[in-house]
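Accompanying notes for the structure given below.
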Amino acid sequence: MMEHWGAVEIRQKTQTIKREYKKTVTNYYKPIEGAAFDVCQTEKSIVFGIQDHLVYRVYFYTAAIDELPELLKAYPDEATIDIIARRRDDLTSLLEQLVSAGYSRYALFERYHILNLKEGIYTKIPDFFQGQKAMQYGRYATEEDAEEILRLLENAFDHKESHLQDMKRLKHMINNKNVRVISEDSKIVTVVTFWYEGKKEYIEHVVNIGCREYAHALYLSAFEIAVSNGINYAYTWIKSTNRRMQRFGSRFGYEKEDIVDYIYVKGE
Numbered sequence: 007m008m009e010h011w012g013a014v015e016i017r018q019k020t021q022t023i024k025r026e027y028k029k030t031v032t033n034y035y036k037p038i039e040g041a042a043f044d045v046c047q048t049e050k051s052i053v054f055g056i057q058d059h060l061v062y063r064v065y066f067y068t069a070a071i072d073e074l075p076e077l078l079k080a081y082p083d084e085a086t087i088d089i090i091a092r093r094r095d096d097l098t099s100l101l102e103q104l105v106s107a108g109y110s111r112y113a114l115f116e117r118y119h120i121l122n123l124k125e126g127i128y129t130k131i132p133d134f135f136q137g138q139k140a141m142q143y144g145r146y147a148t149e150e151d152a153e154e155i156l157r158l159l160e161n162a163f164d165h166k167e168s169h170l171q172d173m174k175r176l177k178h179m180i181n182n183k184n185v186r187v188i189s190e191d192s193k194i195v196t197v198v199t200f201w202y203e204g205k206k207e208y209i210e211h212v213v214n215i216g217c218r219e220y221a222h223a224l225y226l227s228a229f230e231i232a233v234s235n236g237i238n239y240a241y242t243w244i245k246s247t248n249r250r251m252q253r254f255g256s257r258f259g260y261e262k263e264d265i266v267d268y269i270y271v272k273g274e
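Mind the numbering: the sequence shown is residues 7 to 274 in the numbering used here, read in order.
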């Protein structure tokens, strides 16, 4: 029977499972405070789902992965599960449980990082952009841009693969100066979104329907802003089959990590 819990109740349940059974498996890495979740549970497991803007996301915390299939079946078609792990981790048994519940692999993302922004971001910049000053391109977005930016993001990205903001979250990022844009003829043609996690910069999304130097300029400007704020490390996620974005990232010195994100979707 499905119940409806808040984040505090879920955290209490996960702590109880951890305390009683020690060895656990989970895909719940960053608690979502103040949310109402759809919950299915047993003594050893809890599964909880929530509508996250355009996608229904499912999380689990369990000391008995063989209980997952029955619990996961309760959630709607197109429910999406992210599992972040090291590439070398053996997840065979866990992933078999997801398949048994009707979920199939939808995508695989790989994490890339730049360990030294100050030295790394200029080493492989293409010839056509050599000598250009990135900050002369574009501007910080304003709240008046939010609707147009959201439309660009939703048209460019698969919502099951990418964690797209809703309007409230996007405006919050805009007000924090985490979104830069370039416009042509009063139309936004390039967007980059990013934010900071302590001393790390996360480059989230880039969309470009303008000329190619625009994408390079906004991307580089996001790095330069980070450096000016004392941040010297950046990371991003790139789909394993997206060769174009992998080549683009290599121009700024991105290196692949051992961390991957398996995305499974029910009914796909």
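Note that the Cβ used here is the ideal one computed from N, Cα and C, for glycine as well.
- Of the residues TYR202, GLY216, TYR62, the one whose Cα lies closest to the Cα of ALA228 is TYR202.
- A Cβ-Cβ contact shorter than 8 angstroms links ARG117 with TYR241.
- According to the DSSP assignment, GLY126 belongs to the alpha helix (DSSP H) that extends over 123–126.
- Non-local beta-carbon contacts of THR32 in its own chain, meaning distances under 6 angstroms to residues more than five positions away in sequence, involve TYR67 in chain order.
- Here DSSP, grouped into helix, strand and coil, assigns HIS10 to strand.
- DSSP, read as helix, strand or coil, puts GLY255 in helix.
- Beta-bridge analysis with DSSP links TYR241 to HIS119, TYR208.
- Our two residues, HIS211 and LEU224, have alpha carbons roughly 11 angstroms apart in a direct line.
- Annotation for GLU154: ILE194 place their beta carbon closer than 6 angstroms to its own, counting only its chain and skipping 5 residues before and after.
- Assigned with DSSP and collapsed to three states, SER189 falls in strand.
- Between the segment 74–87 and the segment 228–239 there are fewer than three inter-stretch CB-CB distances shorter than 8 angstroms, so the stretches are not counted as touching.
- Here the segment 252–261 makes contact with the segment 112–126; the two share three or more CB pairs at distances below 8 angstroms.
- Here ILE87 is buried. Its C-beta has 16 or more other C-beta atoms within 10 Å.
- The Cβ atoms of GLY108 and LYS245 lie no closer than 8 angstroms to each other.
- Taking each of ALA41, ASP72, VAL64 in turn and checking the Cα distance to SER106, the smallest one comes out for ASP72.
- Within the same chain, Cβ atoms closer than 7 angstroms to the Cβ of TYR27 are found at LYS50, ALA69, the five residues on either side in sequence being excluded.
- Take the alpha-carbon of LYS206 and the one of TYR239: they are about 5 angstroms apart.
- Closest option to GLY204, judged by alpha-carbon separation, among ILE237, VAL266, ILE180, LEU158: ILE237.
- Using a 10 angstroms sphere on the CB of ALA42, the tally of other CB atoms stays under 16, which defines it as exposed.
- Under DSSP, GLU261 forms a beta bridge with HIS119.
- Of the residues TYR128, LYS36, ILE56, LYS24, the one whose Cα lies closest to the Cα of TRP11 is ILE56.
- With a 10 Å radius around the Cβ and a threshold of 16 neighbouring Cβ atoms, SER168 comes out buried.
- Around the beta carbon of TYR35, fewer than 16 other beta carbons sit within 10 angstroms, so the residue counts as exposed.
- Each residue's CA atom was taken as its position, placing GLU274 and ASP151 some 34 angstroms apart.
- In the three-state reduction of the DSSP assignment, GLN18 falls in the helix class, which pools H, G and I.
- In the structure shown, THR98 adopts helical secondary structure according to DSSP, grouped into three states.
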